[in-house]
Amino acid sequence: MANTPFIFSIIPFVLFLFLLFWRKISLLKTSGITLILITTLAIFYWQIIPSFLLVSYAKGFFVALDIFIIIVGAIFFLEVLRDFNVIENITHYLESFSKDYRVQVILLAWFFENLLEGTAGFGVPGAIIAPILVGLGFHPVKSVIIALLGNSTAGIFGAAGTPIRVGFAGLNVSSIPHIASLINFVGIIVPIFILWVLVADKKNKKQEFLECLPFAIWSGVIFAITSYLSVPLGQEFPSIVGSIVALIIIFISVRLNIFMPRTSRTFKDEKVILPKNMSLLKTFSPYILLIVLLIIGKFLLSPINYQIPFGINHNFNLFNPGFAFIITGILISIFWKHKKEIVFHATKDAIKRAVAPFFIIVCMSAIVQVMINSGQNFSGFSSSIMLIAQNFETELLPFWSPFIGAFGAFLTGSITISNIMFGNFLNIAAQALNFSAEKILSLALVGAAAGNMVALADILAAESVLKLKHKEQEVIRGVIVPCLIYVALVGFIGMLIL
54 MANTPFIFSI
64 IPFVLFLFLL
74 FWRKISLLKT
84 SGITLILITT
94 LAIFYWQIIP
104 SFLLVSYAKG
114 FFVALDIFII
124 IVGAIFFLEV
134 LRDFNVIENI
144 THYLESFSKD
154 YRVQVILLAW
164 FFENLLEGTA
174 GFGVPGAIIA
184 PILVGLGFHP
194 VKSVIIALLG
204 NSTAGIFGAA
214 GTPIRVGFAG
224 LNVSSIPHIA
234 SLINFVGIIV
244 PIFILWVLVA
254 DKKNKKQEFL
264 ECLPFAIWSG
274 VIFAITSYLS
284 VPLGQEFPSI
294 VGSIVALIII
304 FISVRLNIFM
314 PRTSRTFKDE
324 KVILPKNMSL
334 LKTFSPYILL
344 IVLLIIGKFL
354 LSPINYQIPF
364 GINHNFNLFN
374 PGFAFIITGI
384 LISIFWKHKK
394 EIVFHATKDA
404 IKRAVAPFFI
414 IVCMSAIVQV
424 MINSGQNFSG
434 FSSSIMLIAQ
444 NFETELLPFW
454 SPFIGAFGAF
464 LTGSITISNI
474 MFGNFLNIAA
484 QALNFSAEKI
494 LSLALVGAAA
504 GNMVALADIL
514 AAESVLKLKH
524 KEQEVIRGVI
534 VPCLIYVALV
544 GFIGMLIL
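Residues are numbered in the numbering used here as their position in the sequence shown, beginning at 1, plus a constant of 53.
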């Protein structure tokens with residue numbers, strides 16, 4: 054059968070979705086079973102060269118190690134802040150700025166997350182914002198869902214431009230920042246999604262939604278415009294500069310009561326706010342220090358390419374946001390003269406809670422690497438990832454490109470890695486179909502940013518920080534519809550511009 058290689062390529066994903074969502078098996082077991090299946094297919098059907106199978110597992114391990122360091126660092130940072138009651142103080146100052154919980158959440162999950170995505174990326178925004186949302190009084194699962202929704206639009210320029218600079222390395226990317234930022238105006242719907250999830254369990258949810266809808270739309274428009282206007286500065290800056298300028302504008306808007314809800318809704322009857330015990334500057338100083346370290350590390354530290362035995366070539370990134378978390382936590386403990394026990398306790402707790410996510414990400418990363426390297430074989434078949442991608446070489450490529458990007462982000466937890474996986478193929482396919490390659494790549498990039506909402510690695514990072522276990526299905530159900538709407542809108546735009 055001519056389509057047999059393609060069928061074998063998609064079977065592992067069918068099994069993965071079946072086990073995770075239909076049989077409701079834990080993500081750890083699901084990823085392990087899927088890895089066994091795809092390894093078996095690689096060995097007996099693709100007849101992969103053994104050394105490339107070893108390389109796939111090793112690369113999967115090192116990718117997971119990077120994310121493990123981020124998770125450990127985020128948990129360590131949070132535990133230190135909890136010991137100083139920083140989260141409670143942030144809650145106090147948010148309430149003093151605006152009593153309306155909807156405004157507070159959009160400030161955090163949209164503007165502050167966009168800034169964190171611009172400086173760090175790699176799941177950091179969700180890991181920071183979700184605990185603050187819990188501190189405001191929201192259920193942990195809802196907090197993760199909201200944090201994931203916010204960790205999307207800014208991703209096209211996330212981590213100081215890494216998705217374009219690294220993800221599309223070797224390709225013509227000169228117009229991509231401009232094109233992608235224009236397409237990314239679709240992101241103005243994200244604060245609306247955040248608002249809808251926020252009020253979904255309220256008795257008068259329609260009223261609460263409509264009251265704050267103008268503010269949500271205004272918030273989306275502000276960031277879309279400021280990030281677009283920042284593109285001429287370079288791809289490293291739109292999500293950073295755009296977020297800072299947008300925050301300034303929104304603070305002014307709140308003070309002048311522009312687009313603010315006429316009725317202020319609070320959680321006063323649902324939670325207790327602890328009185329502040331530190332100044333505004335001291336409360337936010339850990340986050341200021343963290344952002345400074347992230348920016349310094351991003352621009353001063355570069356990857357080191359190291360050749361490991363057995364032909365394994367891996368870029369070890371000296372800049373890992375996890376180290377910035379750890380350094381910030383240690384410095385705060387020293388400056389605030391706290392007991393040394395908190396550092397040891399936070400370290401122990403962080404490592405313990407990050408172990409399970411680490412093994413899941415090892416499996417998921419290895420799956421991706423086996424798919425990529427399955428083309429190095431004795432059977433003569435193309436790699437499984439290429440076989441899947443080739444089925445999108447149609448006149449509908451502009452529509453499917455964002456879905457391909459979103460799929461890559463879902464699997465890998467990284468917009469950058471999604472671009473690395475599919476960028477070259479999409480570039481070749483676009484040229485073969487006489488489409489603008491830069492527009493096709495831009496569509497995939499924006500789609501990957503939307504797919505970041507359902508990125509498994511980001512979900513695990515946020516859950517680990519909040520001590521949640523086996524809530525992946527519930528979280529994905531909460532973000533999948535907004536993600537698909539976002540990606541579909543980008544696809545329709547693709548059909549219009551190509």
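All C-beta atoms in this analysis are idealised placements derived from N, C-alpha and C, irrespective of residue type, glycine included.
### Message
Once the 5 residues before and after A403 are set aside, which same chain residues still bring their CB inside 6 Å of it?
### Response
Cβ neighbours of A403 beyond the five flanking positions: V125, I128, F129.
### Task
Could you have a look at I473 and say whether DSSP puts it in helix, strand or coil?
Shown here, I473 sits in a helix according to DSSP, grouped into three states.
### Query
What's the gap between the Cα of I63 and the Cα of L72?
Here the alpha carbon of I63 sits roughly 14 Å from the alpha carbon of L72.
### Query
Where does N142 sit, in a helix, a strand or coil, going by DSSP?
The DSSP-derived three-state label of N142 is helix.
#### Entry: P193 burial status per 10 Å Cβ neighbour count (16 or more: buried)
P193 should be labelled buried.
### Task
Since I believe G382 is in contact with S553 (beta carbons under 8 Å), could you give me their beta-carbon distance rounded to a whole number of angstroms?
The requested residue 553 does not occur in the structure, where the chain is confined to residues 54 to 551.
### Query
What is the DSSP secondary structure of I311, reduced to helix, strand or coil?
Reduced to three states, the DSSP call for I311 is coil.
### Message
Can you look up N430 in the DSSP assignment and give me helix, strand or coil?
### Response
DSSP places N430 within a strand segment (E or B) once states are collapsed to three.
### Task
State whether the region 473–492 contacts the region 219–236, with contact taken as three or more CB pairs (one from each stretch) at a distance under 8 Å.
Here the region 473–492 makes contact with the region 219–236; the two share three or more CB pairs at distances below 8 Å.
### Task
For I101, write down the residues that DSSP places opposite it in a beta bridge.
Per DSSP, N430.
### Query
Do you know whose CA, among F378, L549, L449, E516, lies nearest L131's CA?
L131 has its Cα closest to that of F378, out of F378, L549, L449, E516.
### Task
Could you check what DSSP says for F69 in three-state terms: helix, strand or coil?
In this structure, F69 counts as helix in the three-state DSSP scheme.
### Task
Leaving out five residues on either side along the sequence, give the residues of the same chain with a beta carbon under 8 Å from the beta carbon of E516.
The answer, listed in chain order, is V197, P410, K522, K524, E525, V528.
### Query
What is the rounded straight-line gap between the Cα of T92 and the Cα of P58?
In a straight line, the C-alpha of T92 is about 15 Å away from that of P58.
### Rounded C-alpha distance that separates V219 from I473
Roughly 8 Å between the two C-alpha positions.
### Length of the line joining the Cα atoms of L537 and N505
Roughly 11 Å between the two C-alpha positions.
### Task
Pull up the distance between the alpha-carbon of N444 and that of I60, whole angstroms please.
Cα-Cα distance, rounded: 11 Å.
### Query
CA-CA distance, G179 and I159?
C-alpha of G179 to C-alpha of I159: approximately 14 Å in a straight line.
### Message
Can you find the residues in the same chain that come closer than 7 Å, C-beta to C-beta, to F290, ignoring five residues on each side of it along the sequence?
### Response
Excluding sequence positions up to five before and after F290, its CB lies within less than 7 Å of the CB of S283, all in the same chain and listed in chain order.
### Query
Is DSSP giving D511 helix, strand or coil here?
D511 falls in the helix class under three-state DSSP.
### Message
Here's a check: name, in chain order, each residue in its chain whose Cβ is nearer than 8 Å to the Cβ of E323, leaving out the five neighbours to either side.
### Response
Note that E323 has pLDDT 46, beneath the 50 cutoff, so the model's placement of it is unreliable and the number below is only indicative. Residues of the same chain with a CB within less than 8 Å of the CB of E323, apart from the 5 flanking positions on each side, are G190 in chain order.
### Query
Are there 16 or more other CB atoms within 10 angstroms of the CB of A233, so buried, or fewer, so exposed?
It counts as buried.
### Query
For P374, which option in R76, I305, L169, A462 has the closest C-alpha, if you only look at C-alpha atoms?
Checking every option, the nearest Cα to that of P374 belongs to L169.
### Query
I think L186 touches A207, with their Cβ atoms under 8 Å apart; what is that distance to the nearest whole Å?
That belief does not hold up - the Cβ atoms of L186 and A207 are roughly 18 Å apart, past 8 Å.
### Query
What residues in its chain sit with their C-beta under 6 Å from that of K255, if we drop five residues either side in the sequence?
Only E261 meet the Cβ criterion.
### Query
Can you give the Cα-Cα distance for V252 and G466, rounded to whole angstroms?
C-alpha separation (whole angstroms): 28 Å.
### Task
Determine the contact status of S205 and P244, defining contact as a CB-CB distance below 8 Å.
Result no, Cβ atoms of S205 and P244 do not sit closer than 8 Å.
### Query
Where Y146 and F475 are concerned, what is the direct C-alpha to C-alpha distance, given to the nearest angstrom?
Taking the Cα positions, Y146 is about 44 Å away from F475.
### Query
Excluding five sequence neighbours on each side, which residues of the same chain lie with their C-beta closer than 8 Å to the C-beta of V156?
Cβ neighbours of V156 within its own chain (closer than 8 Å, five residues either side excluded): C265, F268, V307, M313, P314.
### Task
Taking the CB atoms as reference points, tell me whether E141 and G188 lie closer together than 8 Å.
A contact, by the Cβ cut-off of 8 Å.
### Query
Which residue from I533, F352, W75, G433 puts its Cα closest to that of F97?
Nearest neighbour of F97 by Cα position, chosen from I533, F352, W75, G433, turns out to be G433.
#### Entry: DSSP three-state assignment for A483, whether helix, strand or coil
Residue state, collapsed to three classes: helix.
### Query
By DSSP, does S467 sit in helix, in strand, or in coil?
Coil, per DSSP.
### Task
Express the C-alpha separation of A462 and A502 in angstroms, rounding to a whole number.
Rounded to whole angstroms, A502 to A462 spans 8 Å at the Cα level.
#### Entry: Candidates L498, N56, S437, L353, of which the one nearest I420 by Cα
Distance check between I420 and each of L498, N56, S437, L353 places S437 closest, using alpha-carbon atoms only.
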